[in-house]
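For the sequence shown, full-length UniProt numbering assigns the number 1 to the initial residue and increments by one for each residue that follows. Even for Gly, the Cβ is constructed at its ideal location relative to N, Cα and C.
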Amino acid sequence: MHSSSLNDEEAATRKYEANESKIKELREQIEKEDEEYQNHEQNIEELKNRWLEPLIEMIKKINEKFSKFFRDMKCVGEVDLLKDETETVSESFSLPFVASNFGEGNFGKIAKLMMIDEFSFGEVLYCWGGVGAAQEGLDWSHDSPTKRQCTSAIDAFNLLSGVWSSQPTRDTLTLQWKELQSTNNNSVTKRGSGGMIVMGSEGEPQQLLVIGGVAHISTITQYHHQFEYNKMTGADDLVSTNEQNIYNLSRGQWTIPSVSGQCCPPTSDFTVEKVNHNKGIMYGGAVTGGGITTNSIYLFQLSHNTINWECLNQGAILNDGLWPKEREGHASTIINGVSTSPTLVVIGGLDNRHQPVNDCLLIDTNQYNWMKIPLPDSVTGRYDHTVSSFVVDPNHVFLIIVGGFVVTYPNITMVVELVFNDGQWSVGRVLDSVNIPLLYELILKERRKELNKYMTDKVKELQVINESLRHDLQVARINNQSLQKALLETQSLSEKRMLTLETQLLETKTLLTKRKRDQEDSPHSDNSKKLKTDELEESVEEKQITT
């Protein structure tokens with residue numbers, strides 16, 4: 001009886017331990033499957049990010065590159081990424097391309113032209129002012145009846161047809177000039193032969209940055225300690241300066257910025273161009289009071305009201321020995337094409353001997369690699385002219401060169417086609433004032449056909465990427481659903497098993513408890529108690545006898 005009870009107890013204990021072991025194994029299995037599920041979800045997320053983030057970045061770059069093209073085409077457009085946010089695990093994606101026309105309300109760029117200002121507005125390039133043969137000997141006063149007469153009309157070059165027209169200045173929307181703010185009583189020095197560009201991103205407050213120039217000493221109302229003011233050699237009443245001013249177009253306020261780094265010296269007749277929303281590049285000009293021409297290149301970055309300057313040294317970059325010549329009165333523009341990084345174009349100018357510099361240079365503003373482009377003297381042999389760029393398609397750019405000295409009719413206006421293929425620039429057609437009306441529009445139509453093909457190919461590429469992304473995410477979603485189903489089935493089965501095992505454990509515990517009570521209540525247990533009682537009584541009697 002006693003041996004049987006012990007065997008039953010041992011068997012129940014072993015069964016209890018076995019059940020506990022099974023429960024532990026099931027819990028470990030559930031934890032493992034849980035971990036696998038989490039890993040699978042993470043793999044899905046990594047897959048999505050591997051495709052989605054580069055796709056979004058590519059779309060962003062496409063829109064950045066095409067923004068100028070859309071402006072030139074007098075339309076607005078973008079490629080976007082639409083996501084179905086109702087999906088919980090993997091999203092559905094589509095890539096719509098949207099484009100629409102807009103009216104003339106998009107300001108382009110400002111450039112310098114032979115004391116002539118030029119800017120693009122929608123699909124038209126406007127030229128204003130300047131000194132022609134009829135105005136030789138024009139006085140240098142700020143305002144006069146003669147000046148009012150010769151600056152009362154604006155010449156317009158249609159970028160889509162290549163046709164010039166002249167428009168009088170009337171109200172604000174049709175080119176009437178108005179004074180934004182009086183300059184009679186402020187700390188900004190009145191001056192000429194400096195540089196001005198627009199800084200700021202689209203959609204943000206725009207700021208005009210004015211740099212350097214020459215001022216009449218009587219007009220300087222305040223000398224700013226961070227800038228230099230040097231008297232011009234042979235003209236004591238003129239001062240060359242590197243003063244810098246910022247005009248906020250939305251607030252209508254002037255600011256005198258702080259400067260840091262290697263600031264440019266007092267300079268005039270240089271060129272300055274915007275590289276991106278807060279970065280610019282300045283090249284050449286006549287330095288200090290002696291009017292010595294320079295080939296220095298300065299980079300600057302605008303941050304709040306501080307301008308940080310950096311001088312680009314010839315030995316700091318790889319240029320194969322090519323470095324631009326010293327010059328002043330040259331012209332420049334920035335090409336913001338689809339296929340290239342921002343590229344600075346420099347044409348013409350005067351050297352130290354006041355002789356024309358007959359060359360055209362292209363500078364990559366990312367690597368600062370220089371390239372000389374062969375162009376006719378009718379294009380490069382001029383100074384105090386202007387040049388603007390018109391991106392026709394991702395591989396073709398029109399340079400429009402207007403005015404300047406040492407230019408004879410009919411080459412007042414020149415159009416140069418630049419071609420970008422396999423990372424290299426080359427020259428396409430070169431048109432003068434005679435054949436611009438004959439060939440300009442024809443070339444433009446040819447390039448538009450190429451552009452349509454390019455955009456069609458790009459849309460197809462995006463569609464292929466989109467389909468591949470959708471397929472991979474669909475597979476991931478199916479795998480995820482299968483895993484979820486398997487996990488639910490495993491959890492359900494595990495719960496049933498655990499419930500069964502817990503029931504068995506409860507039964508085992510109940511059996512053990514019952515057997516213990518039975519053992520305590522059995523006759524064998526009473527005899528044991530009686531034996532212990534007899535032994536205790538005998539021990540007491542022995543103690544009493546001893547006493």
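Given a threshold of 16 other Cβ atoms within 10 Å of its Cβ, counted over all protein chains shown, does residue i qualify as buried or as exposed?
i, result
"LYS514", "exposed"
"GLU36", "exposed"
"ASN336", "buried"
"SER389", "buried"
"GLU20", "exposed"
"VAL163", "exposed"
"GLY203", "exposed"
"ILE400", "buried"
"VAL402", "buried"
"VAL275", "buried"
"LEU223", "This sequence places Tyr at residue 223; Leu is not what is there. Classification for TYR223: exposed."
"ALA486", "exposed"
"LEU322", "exposed"
"ARG382", "buried"
"HIS330", "buried"
"TYR271", "Correcting the residue type first, residue 271 is Thr in the shown sequence and not Tyr. THR271 should be labelled buried."
"ASN43", "exposed"
"PRO205", "exposed"
"THR456", "exposed"
For residue i and residue j, which I take to be in contact (beta-carbon distance under 8 Å), what is that distance rounded to the nearest angstrom?
i, j, result
"CYS311", "SER332", "Not confirmed; about 18 Å, so no contact."
"VAL345", "VAL387", "6 Å"
"GLU228", "ASP269", "Rounded, the Cβ-Cβ distance is 17 Å, inconsistent with contact."
"TRP309", "GLN262", "5 Å"
"THR267", "ASP351", "Contact flag wrong, Cβ pair sits at about 16 Å."
"LYS22", "LEU501", "6 Å"
Kindly indicate which residue of the options has the alpha-carbon position closest to the one of residue i.
i, options, result
"TRP370", "GLN424, HIS277, LYS231 and ILE220", "GLN424"
"GLY280", "HIS224, PRO265 and GLN301", "GLN301"
"GLN29", "LYS496, LEU506 and THR490", "THR490"
"PRO168", "ILE465, THR340, SER152 and ILE220", "SER152"
"CYS360", "LYS516, ILE347 and SER258", "ILE347"
"ALA18", "VAL416, TYR126 and GLN504", "GLN504"
"THR340", "ASN305, TYR368, ASP377 and TYR126", "TYR368"
"THR413", "ASN435, VAL427, PRO54 and HIS396", "ASN435"
"GLY234", "THR271, THR288 and SER250", "THR288"
"GLU179", "SER166, THR221 and LEU249", "LEU249"
"HIS396", "SER303, VAL272, ASP155 and LEU418", "LEU418"
"SER433", "PHE157, GLU41, TRP128 and PRO54", "PHE157"
"SER426", "ARG447, ALA476, ILE373 and LYS445", "ILE373"
"ASN230", "PRO265, LEU125 and THR343", "PRO265"
"ASN480", "PRO324, ARG27, LEU26 and GLU41", "GLU41"
"ARG448", "VAL464, PHE420 and VAL391", "VAL391"
"ASN358", "ASP364, ASP377 and PRO342", "ASP377"
"SER201", "GLN226, VAL124, LYS190 and SER303", "SER303"
"ASP155", "VAL124, MET196 and PRO145", "VAL124"
"MET282", "ILE363, ARG353 and THR219", "ILE363"
Taking just the CA atoms, how far does residue j sit from residue i?
i, j, result
"GLU326", "ASP422", "31 Å"
"GLU57", "GLU45", "17 Å"
"ASN245", "THR255", "6 Å"
"GLY291", "GLY192", "14 Å"
"LEU511", "LEU488", "34 Å"
"SER187", "GLY252", "14 Å"
"ASN452", "PRO394", "11 Å"
"LYS516", "LYS509", "11 Å"
"SER468", "ASP34", "29 Å"
"LEU208", "GLY194", "13 Å"
"GLY108", "ASN305", "Confidence in GLY108 is poor, its pLDDT being 30 and thus under 50, which makes the residue's placement too unreliable to answer from."
"LEU439", "VAL415", "10 Å"
"GLU507", "LYS496", "17 Å"
"LEU493", "LYS32", "15 Å"
"VAL430", "SER258", "44 Å"
"GLY285", "ILE443", "35 Å"
"ASP472", "ILE478", "10 Å"
"GLY404", "ASP384", "5 Å"
"LEU375", "GLN474", "56 Å"
"LYS24", "ASN39", "22 Å"
"ASN278", "TYR247", "14 Å"
"ASP236", "TRP128", "30 Å"
"TYR298", "GLU273", "11 Å"
"GLU441", "ASN313", "42 Å"
"GLN226", "ASN366", "29 Å"
"MET232", "ILE217", "10 Å"
"ASN466", "GLU53", "12 Å"
I'd like to know whether the C-beta of residue i is nearer than 8 Å to at least one C-beta of chain B.
i, result
"PRO265", "Structure shown: chain B not included; a single protein chain is present."
Would you say residue i touches the ligand ADP, meaning its beta carbon is less than 7 Å from a heavy atom?
i, result
"ILE246", "The ligand content of the structure shown is nil, which means the ligand ADP is not present either."
Contact between the region 209 to 218 and the region 235 to 244 (3+ Cβ pairs under 8 Å): yes
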